[in-house]
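Structure record follows, encoded as structure tokens.
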Amino acid sequence: MKKKILTALATLTYCITTAQFEVHRIELTSPGALFRNPDYNNLNLKKIEGSPYLDDNFVLAEISGVPEKILIRYNILNDIIEVQFDNLKNYNLTKSDPYLTITPIGKANKIKLLRYIRNEVEIFGYLTQILETKEIEVYKKNQVKLQNAKEPTSSYQETSPAKFIKLKPEYYWKLSNKKITQISKHKKGILELFPDKKEAINIYFKNNRIDFDDESSIIELSKFIQTLQ
564 MKKKILTALA TLTYCITTAQ FEVHRIELTS PGALFRNPDY NNLNLKKIEG SPYLDDNFVL
624 AEISGVPEKI LIRYNILNDI IEVQFDNLKN YNLTKSDPYL TITPIGKANK IKLLRYIRNE
684 VEIFGYLTQI LETKEIEVYK KNQVKLQNAK EPTSSYQETS PAKFIKLKPE YYWKLSNKKI
744 TQISKHKKGI LELFPDKKEA INIYFKNNRI DFDDESSIIE LSKFIQTLQ
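Mapped onto the numbering used here, the consecutive letters of the sequence shown carry residue numbers 564 to 792.
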């Protein structure tokens with residue numbers, strides 16, 4: 564089973580050390596699906612409060628282009644999918660076709676590798692799909708930042724440890740065959756995007772309390788928008 568999955572996942576480069584084979588990395592230009600994370604040990608996670616992960620535990624998942632289910636976890640901070648299989652550790656899934664869709668078993672939403680527009684800049688990264696219909700697709704971008712440790716400025720203060728801080732998520736949508744763009748957090752931005760539907764959307768805003776940081780609000784707004792298409 565191990566050989567079968569390794570063959571499907573990657574063509575590995577081996578180095579011989581004391582008569583043993585050690586996996587060092589997979590060339591990104593090769594047909595390999597994995598590459599070694601050079602920064603894995605740069606952060607001592609045990610000394611940092613909080614978590615950079617969507618889920619701290621590895622979960623079993625289906626990955627497009629991979630015939631077997633494998634253990635993964637999504638690192639929000641670095642926007643990478645970490646992979647674990649037997650003795651294979653400290654490896655990430657290559658950001659390339661065909662490894663574009665990750666479906667965690669038992670979870671409601673897929674994670675997709677997509678090109679999307681943020682602040683007028685195109686990004687190639689992972690988004691969590693929270694709604695998909697023929698007319699509209701809606702995605703969530705979870706965010707985490709690393710706050711460095713703070714040394715005390717007086718004898719009355721204690722050292723503040725480094726910590727991962729969860730930020731408010733961003734939301735994106737894809738309308739018809741258009742590019743994936745960020746959903747405005749202001750009613751004015753939504754109205755400007757649909758100038759010919761302004762009256763209907765204004766009525767929706769008056770009749771519904773909208774929280775642009777809340778997933779359920781974004782989903783309901785998106786479902787309404789799709790009825791206007």
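Note that beta-carbon positions come from the ideal geometry of N, C-alpha and C, so glycine has one too. Note that the structure is a prediction, hence the values are computed from the model and not measured.
{"Check": "Member of ASN638, GLY628 and LEU623 whose CA lies at the smallest distance from the CA of PRO615", "Outcome": "ASN638"}
{"Check": "Cβ pair LYS731, GLN706 closer than 9 Å", "Outcome": "yes"}
{"Check": "Bounding residues of the beta strand (DSSP E) (the contiguous stretch that carries GLY688)", "Outcome": "684-695"}
{"Check": "Cβ contact (3+ pairs, closer than 8 Å) linking the segment 736-750 and the segment 681-700", "Outcome": "yes"}
{"Check": "Sequence-distant residues of its chain with Cβ nearer than 6 Å to PRO667 (five each side left out)", "Outcome": "VAL622 and ALA624"}
{"Check": "Where ASP618 sits in the DSSP three-state scheme", "Outcome": "coil"}
{"Check": "Assigned exposure category for LEU791 - 16 Cβ within 10 Å defines buried", "Outcome": "exposed"}
{"Check": "CA-to-CA distance, PHE648 to CYS578, given in whole angstroms", "Outcome": "For CYS578, the predicted structure reports a pLDDT of 28, less than 50, and the residue's modelled location is therefore unreliable. A value from the coordinates is still provided. Each residue's Cα considered, the two are about 19 Å apart."}
{"Check": "Whole-angstrom distance between PRO724 and ALA671, CA atom to CA atom", "Outcome": "34 Å"}
{"Check": "CB of ILE626 within 9 Å of CB of TYR662, strictly", "Outcome": "yes"}
{"Check": "Complete alpha helix (DSSP H) runs within the segment 687-768 (minimum length 4 residues, chain order)", "Outcome": "750-756"}
{"Check": "Identity of the residue in ILE743, LYS708 and GLN745 nearest ILE728 by Cα", "Outcome": "LYS708"}
{"Check": "ILE766 burial status per 10 Å Cβ neighbour count (16 or more: buried)", "Outcome": "exposed"}
{"Check": "Residue(s) in a DSSP beta bridge with ARG681", "Outcome": "VAL684"}
{"Check": "Between the CA atoms of LYS726 and GLU612 - distance to the nearest angstrom", "Outcome": "4 Å"}
{"Check": "Buried versus exposed, by CB contacts within 10 Å (16 or more), ASN711", "Outcome": "exposed"}
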